[in-house]
Amino acid sequence: MKNILLFLGSPRRGGNTDILAEAFTNGAKSVGASVERVRLMDLKFSPCIECGGCDDSGTCILKDDFTPFYKKMEEADVVVLSSPMFFYNITAASQAMVERTQAFWVRQYVLKSGKIGGKTRDGIFLSAGATKGKLLFEGSLRVMRYFFDAIGGSLEAAVLVRGVEKKGDIEKQPDVLESAENLGKCAASGGDYSKVQGIWLPGGKS
6 MKNILLFLGS
16 PRRGGNTDIL
26 AEAFTNGAKS
36 VGASVERVRL
46 MDLKFSPCIE
56 CGGCDDSGTC
66 ILKDDFTPFY
76 KKMEEADVVV
86 LSSPMFFYNI
96 TAASQAMVER
106 TQAFWVRQYV
116 LKSGKIGGKT
126 RDGIFLSAGA
136 TKGKLLFEGS
146 LRVMRYFFDA
156 IGGSLEAAVL
166 VRGVEKKGDI
176 EKQPDVLESA
186 ENLGKCAASG
196 GDYSKVQGIW
206 LPGGKS
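Residues in the sequence shown are numbered from 6 upward in steps of one, following our numbering.
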């Protein structure tokens with residue numbers, strides 16, 4: 006059974022990326038995966054403060070609501086972030102979470118301690134934005150590549166949706182929700198992401 010950790014990055018409960026995350030979760034659970042969903046806005050935590058406290062140990066010295074999630078990420082087989090686009094990037098809470106994984110980057114690339122948790126994990130990104138700009142997701146995808154690399158994984162696939170802004174707009178696109186659900190099934194079963202219709206894959210157009 007796959008262990009999936011899903012971070013909800015939107016400050017709006019029940020918004021479009023929450024709905025995407027729900028579809029993904031339903032798909033993953035339908036094939037037996039364990040899914041823990043964490044709403045970042047419910048946590049009281051700081052972004053990285055560049056104190057250098059992790060330089061010698063690969064362990065973040067900040068103690069707050071995010072601290073337990075280092076171990077949870079180590080244990081996860083799949084890590085997912087859902088976040089809407091704010092100014093062509095992920096939300097502030099999502100970015101703070103990404104920054105806090107600097108300690109994992111140090112552990113891997115400075116201290117040469119090997120893969121986080123002793124294994125490689127899949128990274129999945131779920132996102133939506135109001136505009137239809139060609140470059141809407143370019144910045145966030147770059148962040149996701151480096152984030153998932155830092156936690157000992159790789160960005161394997163994404164669901165990227167343009168032209169949705171009002172709460173629930175995404176429900177008008179059942180094909181997109183079906184893609185998110187099928188992506189959840191694939192991630193949970195260790196399947197071939199290239200066989201999932203309607204998703205973004207590394208090297209593809211965003």
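Cβ atoms here follow ideal geometry from the backbone N, Cα and C, with glycine treated the same way.
Item	Value
Burial state of P89, where buried means 16 or more other Cβ atoms lie within 10 Å	buried
Whole beta strand (DSSP E) elements within the segment 81-164, 3-residue minimum	83-89, 126-133
Coarse secondary structure for S35, derived from DSSP in three states	helix
Burial state of S15, where buried means 16 or more other Cβ atoms lie within 10 Å	buried
Terminal residues of the alpha helix (DSSP H) in which L206 lies	Note, L206: premise wrong, no alpha helix (DSSP H); not H, not E.
Distance between beta carbons of S145 and N94, contact taken as under 8 Å	5 Å
Reference E41; option with closest CA among E104, D127, I9, G57	I9
Length-filtered (3 minimum) beta strand (DSSP E) runs lying within the segment 21-73	39-44
Whether I129 touches V85 by CB criterion (7 Å)	yes
7 Å Cβ cutoff met for S184 and G209	no
For V169, three-class secondary structure by DSSP	coil
Opening and closing residue of the beta strand (DSSP E) in which I9 lies	8-13
Opening and closing residue of the alpha helix (DSSP H) in which P179 lies	179-194
Residues of its chain near K171, where Cβ-Cβ distance is below 7 Å and the 5 sequence neighbours each way are ignored	none
Buried or exposed by the 16-neighbour rule on C-beta atoms within 10 Å, applied to G19	exposed
C-beta contact flag for L141 and S87 at 7 Å	no
Cβ neighbours of T106 in the same chain (closer than 6 Å, five flanking residues each side left out)	A155, I156
Secondary structure of D174, DSSP reduced to three states	helix
Cα-Cα separation, D23 to E80	23 Å
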